[in-house]
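Trainee: Next up is a structure, given as structure tokens.
Number of protein chains: 2
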Amino acid sequence: MAYMTKQQQAVLACIRGCAEGVGAAELTELLHRQGETVGLTTVYRQLERLEKEGKVHKIVTDTGARYQFCSCYQSGKDCFLLKCERCGAVQHADCSRLAPLYRHLEEEHGFAIDPHRTLFYGLCRQCREAAE
Amino acid sequence: MAYMTKQQQAVLACIRGCAEGVGAAELTELLHRQGETVGLTTVYRQLERLEKEGKVHKIVTDTGARYQFCSCYQSGKDCFLLKCERCGAVQHADCSRLAPLYRHLEEEHGFAIDPHRTLFYGLCRQCREAAE
DNA sequence: CTATAATTTGAAAACGGTTTTCATTTTCAA
DNA sequence: TTGAAAATGAAAACCGTTTTCAAATTATAG
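Protein sequences appear in the order of chains A and B. For reference, each letter of the first sequence is one residue, going 1 to 132 in the working numbering. For reference, each letter of the second sequence is one residue, going 1001 to 1132 in the working numbering.
This is how it looks when you write it as structure tokens:
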């Protein structure tokens, strides 16, 4: 791995530790609590870089973007993101049916899915039960 | 259908005529060119209402939201949105494999997909060919 | 080990899409 | 007709993000 500044390492380490996604301001706040001196601007810059490298998902919402460390990054599994519209949580799922669908879409519909950015919206089990 | 003001009818009619999605400012501009007197605020309000009613999709992007009339609204078909990351076009596709997948996700993974908000990102055929 | 160029940082300002405010206009109901 | 309720829209506020730019840090040359 190429050289990384202290701030770059801190941002990567911190977001890796966030199971749920975090916003840029929130992440900066976390870093400050850990004693790191990282400005908001730098956090934005690093998140942009990490997204381009495929290490982090950027999930754009009405109220601003959230970033989430991609657990598929080195596992070899396909990214499969489910976002609950009620509680907001984004989970990495694992489903063998996805790859065949994506292959079908590419071969028959001519559309090459980018699993890394594709996001399924819906309701998670807990929220569905809570809503009943 | 309940009563609709002149502005409400105009917004609905205008977005229905936009095959590709439009932004709020863009839609207002279109309405003005047609001689309609509709303010930007009202356009935002109507778009929000139409989205809640399931008549339009709200597609949130880095540079602002785009709205697109939902061609599935009365057809009974499932919504199946493909957004090309290169040319930006969003197309309503038609694929019989989607419903079984969604059923599986609900039954086995406990996650109820909202087809209306779920968006597949990737590359459309033209853009893939152009990129080669 | 300097000196100098290139990169990184971050506070403050700018930016821009969206929402809120509030006075005015329009519509509904009695 | 008349008063209440809803809709409108210009202007201001809002707020997440990006840009600016001077200072600090790091890499490279001499």
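Note that beta-carbon positions come from the ideal geometry of N, C-alpha and C, so glycine has one too.
Short check: CB of residue 1040 (chain B) to CB of residue 1010 (chain B), under 8 Å?
Mentor: Result no, Cβ atoms of residue 1040 (chain B) and residue 1010 (chain B) do not sit closer than 8 Å.
Trainee: Grab the span of the beta strand (DSSP E) containing residue 3 (chain A) for me, first residue to last.
Mentor: It is not in any beta strand (DSSP E) - residue 3 (chain A) carries neither H nor E in the DSSP assignment.
Trainee: Restricting to Cα atoms, I'd like to know which of B:1045, B:1109 and B:1076 is closest to residue 1005 (chain B).
Mentor: Residue 1005 (chain B) has its Cα closest to that of B:1045, out of B:1045, B:1109 and B:1076.
Trainee: Quick check: the Cα distance between residue 92 (chain A) and residue 1068 (chain B), rounded to an integer number of angstroms?
Mentor: Their backbone Cα atoms lie some 28 Å apart in a straight line.
Trainee: Which residues in the same chain have their Cβ closer than 6 Å to the Cβ of residue 1127 (chain B), if we skip the five residues on either side of it in sequence?
Mentor: Excluding residues within five positions, the ones whose Cβ falls inside 6 Å are 1084, 1086 and 1087.
Trainee: Starting from the N-terminal side, write out each stretch of the alpha helix (DSSP H) that is 4 residues or longer and does not extend beyond the region 1024 to 1070 of chain B.
Mentor: Listed in chain order, the complete alpha helix (DSSP H) runs (minimum 4 residues) inside the region 1024 to 1070 of chain B are 1024 to 1033 and 1040 to 1052.
Trainee: Under 9 Å between beta-carbons, which chain B residues line up against residue 78 (chain A)? List them in chain order, please.
Mentor: Near residue 78 (chain A) there are no residues of chain B at all, since even the closest Cβ is about 13 Å away, more than 9 Å.
Trainee: Find the residues of chain A that neighbour residue 1038 (chain B), judging by a C-beta separation of less than 7 Å, and give them in chain order.
Mentor: Residues of chain A passing the Cβ test: none, with the nearest at roughly 22 Å.
Trainee: For a contact defined as C-beta to C-beta under 8 Å, what are the partners of residue 1057 (chain B) on chain A?
Mentor: In chain order: nothing, as chain A lies at least about 11 Å away.
Trainee: When the cut-off is 8 Å and only beta carbons count, does residue 1025 (chain B) lie next to chain A?
Mentor: Not closer than 8 Å to any Cβ of chain A, the Cβ of residue 1025 (chain B) fails to qualify, so no.
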